[in-house]
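Participant: This is the structure, below, for whatever I ask next.
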Amino acid sequence: MAVPATKLKEKKEIIDVGLEEGAARLTYERIEQVINRVITAEMAARMKVYVDTCIHCGLCSTACHYYLSHGTPEWAPVGKVKQTMWEILEKKGKVSPEFIKRASIIASTECNVCRRCSMYCPYGIDVAYIMATVRRICHLLGVTPQYIQDTAHSHSATMNQMWVKEDEWIDTLQWQEGEAQAEMPSLRIALDKEGADIMYSVIGPEPKFRAQLIYQAAILMTAAGVDWTMPASPGWDNSDMAMFTGDFEMMGRIKRTHFETAAKLRVKKIVMGECGHAFRSVYDVGNRWLGWKMPPIPVIHATQFYYELLKEGKIKIARKLKEPVTLHDPCNIVRGRGLHEMMRYLVNATCENFVEMYPNREQNHCCCAGGGVINCGPPWKTKRVESNSIKAEQLAATGVHICIAPCHNCHGGLEDIINTYKLNMHTMFFIDVLMKTMEIPDALKA
Amino acid sequence: MSESKKWDWDTSEELIATPSEWKTKFARVQEPYVSPDGKKVAAIARNEDGTYTACVNGEAWENTYENMWNLRFGPDGRLTAIVSEAGEWTLAVDGVPWENKFAYVWDTKFNEDGQTIAVKIQQDTRYGLAVNDQPWENLFEHIGKYVMTPDGQYMAAAVQAVPLGQAEVFKFKDEGTWTVAVNGNAWEKIFTNVWGLDCSPDGKHVAAEVRMGLYDYTIAMDGEMWPEKFNCVWEPVFRPKTSEALATAPVRAAGKWTLAVNGKPVWDSKFVQCWHQTYSPDGRKLAAIVAPSFGQWTVAIDGKLWATTFNELVTDLTFSPDGNRLAAIAKDDGHWKIVVDGTPWPAMYDMVWPPVFSPDGSKVASKVEKGGKYTIALNGKPWRECEALWNPVFSPDGKKVLVRCIEDGKYYRRIVPISEF
Amino acid sequence: MQGIYEFVRGPLLWLTFIVFIGGSLYRLISMYYLLKKKERWVFNYMSLKYSLRSILHWIIPFASANMRQRPIMTVMSFVFHICLLVTPVFLLSHIVLWDESWNLSWWALPDWIADIMALVVIGACVFFAFRRQILPEVKYVTSVADYAILAITAAPFITGFLAYHQWIEYRTMLILHILAGEAMLVAIPFTRLIHMFYFWFTRAYTGSEFGGVRHARDW
């Protein structure tokens, strides 16, 4: 009935040590045992109802950018479920190591868990959840792509994504503070300031590669007169690749550290940088594993925070960007939090010429980097970019040269697409736009 | 706190300093900190030339530094700050820097009486602790959480003892790189991960939450793992006032949490979540913050639940000194509350600080905030509002409260009889 | 022949209803208990408002983006499901049976309309079968069971149509028709036809998560 997943060969086999070595260690017994433990202990009514309800209509196909880019059925959401979960359930876990390797490739590198297909399925079947469960099984079997596994290890050892050591973190903040003080002498990145209104949290790559974003956030906070702090201890990183490898225990530990850091600082809310997947983990997924229905300390995504600052008049726009811009709606804050109208308010407030891309808002095509796919690293990059030609077409159709993308993974993914398809565009975060357009009160200037 | 017996409990009002005026002396002044006895108020200040100092009761430290952060008073009233000079970092205590300097210094901790001060250090990309100006002889690849015994004689830290190359995923999970170091001496056993840890009060035992491989969580005591493995664990604590080494930790099995002592469950009940287990000071009672069902939080004492649940958060679980009463912070529908023995105070706040019991346990006081104004509430009754305020301290006889507060830019040390609440 | 007719119309029909209703209730109740036992947290997120919002957007033709992008499929699905449900309930000959047995009767469709509607159901089943053959993304996930479900669904309408027009021996056709109808009802709890009941719950849950937690539209 189902075509065994192993028959579908990669166009060009990509070698990933994590998968090869992981699969080589597997035995049929272990696979069966682990899968059945997941089936009995972790899967329940939702999975059963989803699998029993799916009428195999294929209507989810055109939701998926992989399918729209490749056009063949194995890329459709239901096609991926068929190659993985259906087979696993039908065979009751009696599948081969080779199958598990292929299932891991499908779940980890051919699905961004962007949830667009849930919006295309007449039943609203949560295919992302099914794929995440496949990843969970692969995690428990030790067959996860090397780079994202390394990232999960970093989370476990340091509570951040990038092996940033505790001193490096604080040192980076002090370095950015020093730099920014040249522009704004009164600026301060207050570390561990108990009782501040806001704890600002970021993702590991910010101190590692994009420290200017911390600089910019400090400028914005100071200009807006916000009482804010950043933690000097682990818990500053809101990101979470363990959520995407299926290491839910580690996901819980990371989220606990983040929330308890905020609780200990007695802040009223957490504002986080322009990251999508971290928002998903903090707002929607990680908290649940710990038993919190909603985040125990409110979590505000940067875009919503900027929107509120503008609305309340705490920051003002001095000049608008003249160049035409378009906006990419990141899945985790649009399908994940409905921030699309606030973002449009921001674009219109800061840019003179806003060109929508189509489709947009909840219907927007994914960047193909999120959901942990970009974190699977260089071996998978070409495939990831080739799997999103639809995005290249969508971007090109806007005819503009600036794309605002308020999410780190989207940023990386779109940059790769722009370079590969030679789109003559560049991406900006909202904070980049604000730095160019925002009014800096004279009293704060150097 | 035995120290508090020596404090001045008679002067009802003392104007210590006026921090709002310090701005005229310095280019910038940061937020103030106060000593435990309330006699000192201090803040990090930046001079016009860009150097940093600490301003204590209006007087600047003699030395200035290139950079300074983490200003903290110890329990004995000494003021510490992490300072840098010529690119090297150290700890300054009451204005005097330690002789030893390091590439980096952070995470200051004090023992109970404040005589022992420890910091994490990094030197030549090697990591460890420095205690009272003495760095550990052995340094490591990295350092995680650390704890010290109340007497300050023992420090235990999670340390990365084995180097790890880029993306060495199999080495990390199969061979492990982390262990525990006690006073700088690492256990032989290496684990995949080591997180929270605790020392027995006498310093003879150390327990840590560990992971072996990616799936097996347990507690390791003195380098030996519990034979029982779990789906997850949280940090252990030792039961006080016993000569036995009784490491107690939340453990997760079949998707539910409970508490285990030395690997064996101690409570029949299982929870959606269970953490922050706390023993009463005499070690007889064991309480923990639990979620009996999804999204509902409360406290369990010896396995029995408080009658009230809260839908957002319960935190800062605190036993009274006699162990008969228990208070915590709760958050419900967006409001912060103080809960004592399961009953929340009627008032709701924008923020609350950990509740403090009087020595006999009969009264509870807490710093609270509403609409940007702070006050102390005693048994739920608020005192007057202030601009800034620190946690209350009861007098040894429990009849007065030390209130350290800022009003109109002035820092006052006040002794307030409890009848005034 | 009369004996067989009496049997399929009498005891077998009772049995059919018992299996259909009992089986469906069993599926729903067992799912409810499984949910309560292992995924109890789901109830914390259920919202009546967003459940209804989601369901409404998916039972109104062209109310979702995907429906607008696939007009033929949308029309076929809606027409099919409407005819599938309405025809047997409002067919005069079925109402006569209700009247005879239970003294219950209600408005009936004119026979010629019912006739067309039966043809629509059969035609839609043929359409769906072709779709499964022609569209690669559908063919890829199609198994024999999917055709079997279409056959089970079409059979009562084919036999009913033939019986009504009496082109083949009426009695035999009628018995076959009743058997086919009974087969379909019995199949519902045990096949993916259970989507008839599950639809409301999966939509309600997805609608609640999208609306209540994620503040986004799911259509």
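Protein chains in written order, with my numbering: chain Z, 1 to 446; chain C, 447 to 867; chain D, 868 to 1086.
Think of the CB as a built atom: it goes at the ideal place given N, C-alpha and C, for glycine as much as any other residue.
1. Check whether the stretch 170-183 of chain Z touches the stretch 394-413 of chain Z, counting contact only when three or more Cβ pairs, one atom from each stretch, lie closer than 8 Å.
2. In chain order, what are the residue ranges of uninterrupted alpha helix (DSSP H) at least 4 long that sit wholly in the stretch 190-272 of chain Z?
3. Can you pull the DSSP bridge partners for Trp289 of chain Z?
4. Starting from the N-terminal side, write out each stretch of the alpha helix (DSSP H) that is 4 residues or longer and does not extend beyond the stretch 284-336 of chain Z.
5. What would DSSP say about Asn424 of chain Z, mapped onto helix, strand or coil?
6. With a threshold of 7 Å between beta carbons, is Gly951 of chain C in contact with chain D?
7. Step through the CB atoms of chain D and report whether any lies within less than 7 Å of the CB of Ser387 of chain Z.
8. Over what stretch of residues does the alpha helix (DSSP H) that includes Tyr912 of chain D continue unbroken?
9. Should Glu10 of chain Z be labelled buried (16 or more other beta-carbon atoms within 10 Å of its own) or exposed?
10. Measure the C-alpha to C-alpha separation of Thr151 of chain Z and Asn639 of chain C and round it to an integer number of angstroms.
11. Can you tell me whether Met1 of chain Z is buried or exposed? The criterion is at least 16 other CB atoms within 10 Å of its CB, across all chains shown.
12. CB-CB under 7 Å to Val81 of chain Z, same chain, minus the five flanking residues each way: which ones, in chain order?
13. Leaving out five residues before and five after Met984 of chain D in sequence, what residues of the same chain have Cβ atoms less than 6 Å from its Cβ?
14. Specify the secondary structure class of Thr623 of chain C as computed by DSSP and reduced to three states.
15. Count Cβ pairs between the stretch 1042-1060 of chain D and the stretch 296-316 of chain Z that sit closer than 8 Å; are there 3 or more?
16. Could you tell me whether the Cβ of Pro231 of chain Z comes closer than 7 Å to any Cβ of chain C?
17. Are the stretch 33-47 of chain Z and the stretch 88-99 of chain Z touching, with three or more C-beta to C-beta distances below 8 Å?
18. According to DSSP, which residues form a beta bridge with Trp515 of chain C?
19. Considering only the beta carbon of each residue, do Met461 of chain Z and Ser201 of chain Z sit closer than 7 Å?
20. Please state the DSSP three-state secondary structure of Gln146 of chain Z.
21. Show which residues of chain D have a CB atom less than 7 Å away from the CB atom of Glu55 of chain Z.
22. Thinking C-alpha only, which one of Z:Glu13, Z:Gly399, Z:Ile219 and Z:Ile418 is nearest Ala392 of chain Z?
23. Given a threshold of 16 other Cβ atoms within 10 Å of its Cβ, counted over all protein chains shown, does His139 of chain Z qualify as buried or as exposed?
24. Ala538 of chain C by DSSP, collapsed to three states: which one?
25. Measuring only the C-alpha atoms, how far is Ile784 of chain C from Thr724 of chain C?
26. Do Glu831 of chain C and Lys819 of chain C have their CB atoms nearer than 7 Å?
27. Can you name the start and end residues of the alpha helix (DSSP H) that Tyr129 of chain Z belongs to?
28. Within this structure, are the beta carbons of Ala549 of chain C and Gln569 of chain C separated by less than 7 Å?
29. Is the beta carbon of Val164 of chain Z less than 7 Å from the beta carbon of Ala23 of chain Z?
30. Considering only C-alpha positions, which residue in the set Z:Thr326, Z:Arg288, Z:Arg210 and Z:Leu59 is nearest to His426 of chain Z?
31. Cα separation between Asn584 of chain C and Gly630 of chain C?
32. Give, in chain order, every residue of the stretch 731-758 of chain C whose Cβ lies closer than 8 Å to some Cβ of chain D.
33. Quick one, are the C-beta atoms of Ile962 of chain D and Ala981 of chain D less than 7 Å apart?
34. Please compile the residues from chain C whose C-beta is within a distance smaller than 8 Å of the C-beta of Arg907 of chain D.
35. When DSSP labels each residue in this structure, what does Tyr661 of chain C get in the three-state scheme?
36. So, with DSSP's three-state summary, where would you put Phe867 of chain C?
Facilitator: A quick look at the data gives this:
1. Not touching, per the Cβ criterion.
2. 205-208, 212-224, 242-245 and 248-264
3. For the purposes of this step, residue 289 of chain Z is identified with residue 289 of the first sequence, where counting begins at 1. DSSP output for Trp289 of chain Z lists no bridge partner at all.
4. 286-290, 302-311 and 331-334
5. Working through the first sequence from its first residue, we reach residue 424 of chain Z at position 424. In the structure shown, Asn424 of chain Z sits in coil (DSSP, three-state: anything other than H, G, I, E or B).
6. Residue 951 of chain C lies beyond the range of chain C shown here (447 to 867); nothing can be said about it.
7. Along the first sequence, read from residue 1 onward, the residue named residue 387 of chain Z stands at position 387. Closer than 7 Å: no.
8. Start at 1 with the first residue of the third sequence, and residue 912 of chain D comes out as number 45. If you look at Tyr912 of chain D, you'll find it in the alpha helix (DSSP H) that goes Trp908 to Tyr912.
9. Within the first sequence, numbered from 1, the residue matching residue 10 of chain Z stands at position 10. Model confidence at Glu10 of chain Z stands at a pLDDT of 48, short of 50, so the residue's coordinates are unreliable; what they give is reported in the following sentence. Around the Cβ of Glu10 of chain Z, a 10 Å sphere holds fewer than 16 other Cβ atoms; the residue is exposed.
10. Residue 151 of chain Z sits at position 151 when you count from the first residue of the first sequence. Residue 639 of chain C sits at position 193 when you count from the first residue of the second sequence. Taking the straight line joining both Cα atoms gives about 14 Å.
11. Start at 1 with the first residue of the first sequence, and residue 1 of chain Z comes out as number 1. No answer about Met1 of chain Z holds up, because its pLDDT of 37 lies below 50 and its placement is not dependable.
12. Taking the first residue of the first sequence as 1, we reach residue 81 of chain Z at position 81. Excluding sequence neighbours, Val81 of chain Z sits near Val127 and Ile130.
13. In the third sequence, the residue the question calls residue 984 of chain D occupies position 117. Counting only residues of its own chain and dropping the five nearest sequence neighbours on each side, Met984 of chain D has a CB closer than 6 Å to the CB of Cys950 and Thr954.
14. For the purposes of this step, residue 623 of chain C is taken as residue 177 along the second sequence, with counting starting at 1. Here Thr623 of chain C sits in coil by DSSP.
15. no
16. Against the first sequence, residue 231 of chain Z aligns to sequence position 231. Taking Cβ atoms only, chain C never reaches closer than 7 Å to Pro231 of chain Z, which makes this a no.
17. Contact check between the stretch 33-47 of chain Z and the stretch 88-99 of chain Z: three or more CB pairs, one atom from each, fall below 8 Å, which counts as touching.
18. The sequence position of residue 515 of chain C within the second sequence is 69, counting from 1. Answer is C:Ile528.
19. Absent from the structure is residue 461 of chain Z, since the part of chain Z shown begins at 1 and ends at 446.
20. Here residue 146 of chain Z corresponds to residue number 146 of the first sequence, with the count starting at 1. The answer is helix: DSSP assigns Gln146 of chain Z an H, G or I state.
21. Indexing the first sequence from 1 puts residue 55 of chain Z at position 55. Sequence check: residue 55 of chain Z is Ile here, not Glu. Residues of chain D whose Cβ lies closer than 7 Å to the Cβ of Ile55 of chain Z are, in chain order, Arg1059 and His1062.
22. Numbered from 1 along the first sequence, position 392 holds the residue referred to as residue 392 of chain Z. Selected option, being the one with the closest Cα: Z:Ile418.
23. Here residue 139 of chain Z refers to the residue found at position 139 of the first sequence. So His139 of chain Z counts as buried.
24. If you number the second sequence from 1, residue 538 of chain C lands on position 92. It is a strand residue.
25. Here residue 784 of chain C corresponds to residue number 338 of the second sequence, with the count starting at 1. Here residue 724 of chain C corresponds to residue number 278 of the second sequence, with the count starting at 1. Their backbone Cα atoms lie some 18 Å apart in a straight line.
26. Reading the second sequence from its first residue, position 385 is the one you call residue 831 of chain C. Reading the second sequence from its first residue, position 373 is the one you call residue 819 of chain C. Going by C-beta atoms, Glu831 of chain C is nearer than 7 Å to Lys819 of chain C.
27. The residue given as residue 129 of chain Z occupies position 129 in the first sequence. Counting along the chain, the alpha helix (DSSP H) containing Tyr129 of chain Z begins and ends at Val127 to Leu140.
28. Along the second sequence, read from residue 1 onward, the residue named residue 549 of chain C stands at position 103. Along the second sequence, read from residue 1 onward, the residue named residue 569 of chain C stands at position 123. Taking 7 Å as the Cβ cut-off, Ala549 of chain C and Gln569 of chain C qualify as a contacting pair.
29. In the first sequence, residue 164 of chain Z corresponds to position 164, counting from 1. In the first sequence, residue 23 of chain Z corresponds to position 23, counting from 1. Contact: no.
30. Indexing the first sequence from 1 puts residue 426 of chain Z at position 426. Checking every option, the nearest Cα to that of His426 of chain Z belongs to Z:Thr326.
31. Stepping through the second sequence from its first residue, residue 584 of chain C is reached at position 138. Stepping through the second sequence from its first residue, residue 630 of chain C is reached at position 184. Asn584 of chain C and Gly630 of chain C: Cα-Cα distance of roughly 6 Å.
32. Taking 8 Å as the Cβ-Cβ cut-off against chain D, the residues of the stretch 731-758 of chain C that qualify are Ser739, Phe740 and Gly741.
33. Walking along the third sequence from the start, residue 962 of chain D turns up at place 95. Walking along the third sequence from the start, residue 981 of chain D turns up at place 114. By the CB criterion at 7 Å, Ile962 of chain D and Ala981 of chain D fall outside the cutoff.
34. For the purposes of this step, residue 907 of chain D is taken as residue 40 along the third sequence, with counting starting at 1. Here the neighbours are Ser739 and Phe740.
35. Numbered from 1 along the second sequence, position 215 holds the residue referred to as residue 661 of chain C. Coil at Tyr661 of chain C, not helix or strand.
36. Counted from its first residue, the second sequence places residue 867 of chain C at position 421. Three-state DSSP puts Phe867 of chain C in coil, outside helix and strand.
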